[in-house]
Amino acid sequence: MSDYPPLPEALVVPVYDNHTHLEPSFDPERVGDDGGLGYLEQLDRASSVGVRGVVQVGTDLASSRWSAEVAAREPRVLAAVALHPNDAAELAEAGQLDEHLAGIAELASQPRVRAIGETGLDFFRTPSPVGQDAQRRSFEAHIALAKQHDLALQIHDRDAHAEVVETLDRVGAPERTVFHCFSGDAEFAKLVADRGWYLSFAGTVTFKNAQNLRDALAVIPRSRILIETDAPYLTPTPFRGRPNSSYLIPHTLRFMAAELGTDASMLAAQISSNTELVYGHWDDVPVVTPPGPFDEHPEGTTGP
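The sequence shown runs contiguously to residue 298 in the working numbering.
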């Protein structure tokens, strides 16, 4: 099996992982049927240490469809659907961006899809002006979709802080806007929080070279804080470089609490409340459980 870290001590007060990638195809070397942890095993481990639910995030049409399907049948999962900004640039070049945006729009109306994301701007991996123009068009389409369906917006922002904010200010941000895997400094954090947006901290806040993130955490109201893994990457210290999963959230949570000089349970309670304000409750829409081998079947049909 892949070199996953051991289970941490369970949290006394549970939290949610508001951004993870459980789908097997995301990284075949780490997740799936080739020796990694399947999504149900990841969820079971998370449940055992006080992670009560996750937001499973799509990055293209296929993973967004998978996210919505899993959320529809798994009570510990809500879904976010979108085209990643770097994928948007590639789709535009292939003449397929509008078709794929239409597919995301179809998914947005499903009751356990609670966010549009991850979308935004990435000028690090897409430096070309043409690709960046495609990202802008896709980002604005996703913003409109989030507002149309009253969904949260999960933003991917890499080397594009100023333009992401300019876009949100110009077209109008959704009521619940989250900067996933926040990567700015204290000044940018205050700007984001002052607009009523949320900052989601990943395992990167524990990295030795990430003082900017700790500075950002220190200056914002706790009512703006969320927590995530962005698994299977960004594994928190002391397991950096090994596969990440939602069950490792307690490491990041306890580190953040120590940085803020507060009790881990108090911070967990605040973050849990914040998360439910953004995405709603995981149990307010029932899941549709697939039939089991002993369920009754309509006349003329057989079980699976």
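Ideal Cβ positions, reconstructed from N, Cα and C, are used throughout, including at glycine.
Residue environment for R108: buried (at least 16 other C-beta atoms within 10 angstroms of its C-beta). Just measuring C-alpha positions, the residue of A86, K184, R152 sitting nearest C175 is R152. With a threshold of 16 other beta carbon atoms within 10 Å, D81 meets it and is buried. The alpha-carbon separation between A204 and A102 amounts to approximately 35 angstroms.
The C-alpha of P105 is placed about 30 angstroms away from the C-alpha of S177.
By the beta-carbon neighbour count (other beta carbons within 10 angstroms, threshold 16), T283 is exposed. Comparing alpha-carbon positions, the option among V7, A183, Y33, T113 lying closest to S240 turns out to be Y33. When rounded, the separation of the alpha-carbon atoms in P8 and A263 is 7 angstroms. Secondary structure at L271: helix, using DSSP grouped into helix, strand and coil.
Judged by beta-carbon spacing, V199 lies within the 8 angstroms limit of F249, meaning their Cβ atoms are closer than that value. If you draw a 10 Å sphere on the C-beta of T269, you find 16 or more other C-beta atoms in it, and that means buried.
With 16 or more other Cβ atoms from the protein chains shown falling within 10 Å of its own Cβ, A187 counts as buried. The C-beta distance from E157 to L115 rounds to 6 angstroms, short enough to fall under 8 angstroms. As for any beta strand (DSSP E) of minimum length 3 sitting wholly inside the stretch 56 to 104, the runs are 71 to 75, ordered along the chain. For the pair T120 and G286, the Cα-to-Cα distance works out to about 46 angstroms. For L207, the enclosing alpha helix (DSSP H) begins and ends at 205 to 213. As DSSP reads the structure, L115 sits in a beta bridge with D151. Put simply, of F288, I149, G166 the residue whose alpha carbon is nearest the alpha carbon of H13 is I149. In its chain, beyond the 5 residues on either side, S57, W60 have a beta carbon closer than 6 angstroms to the beta carbon of E17. For T14, the enclosing beta strand (DSSP E) starts and ends at 9 to 14. Classified as exposed, L271 has fewer than 16 neighbouring CB atoms from the shown chains inside 10 Å of its CB. In this structure, the straight-line span from the alpha carbon of L91 to that of A128 is close to 8 angstroms. From the listed residues L220, I265, I243, the smallest Cα separation to E3 is found for I243. Your pair H94 and T113 does not check out as a contact, with CB atoms roughly 12 angstroms apart and the cut at 8 angstroms.
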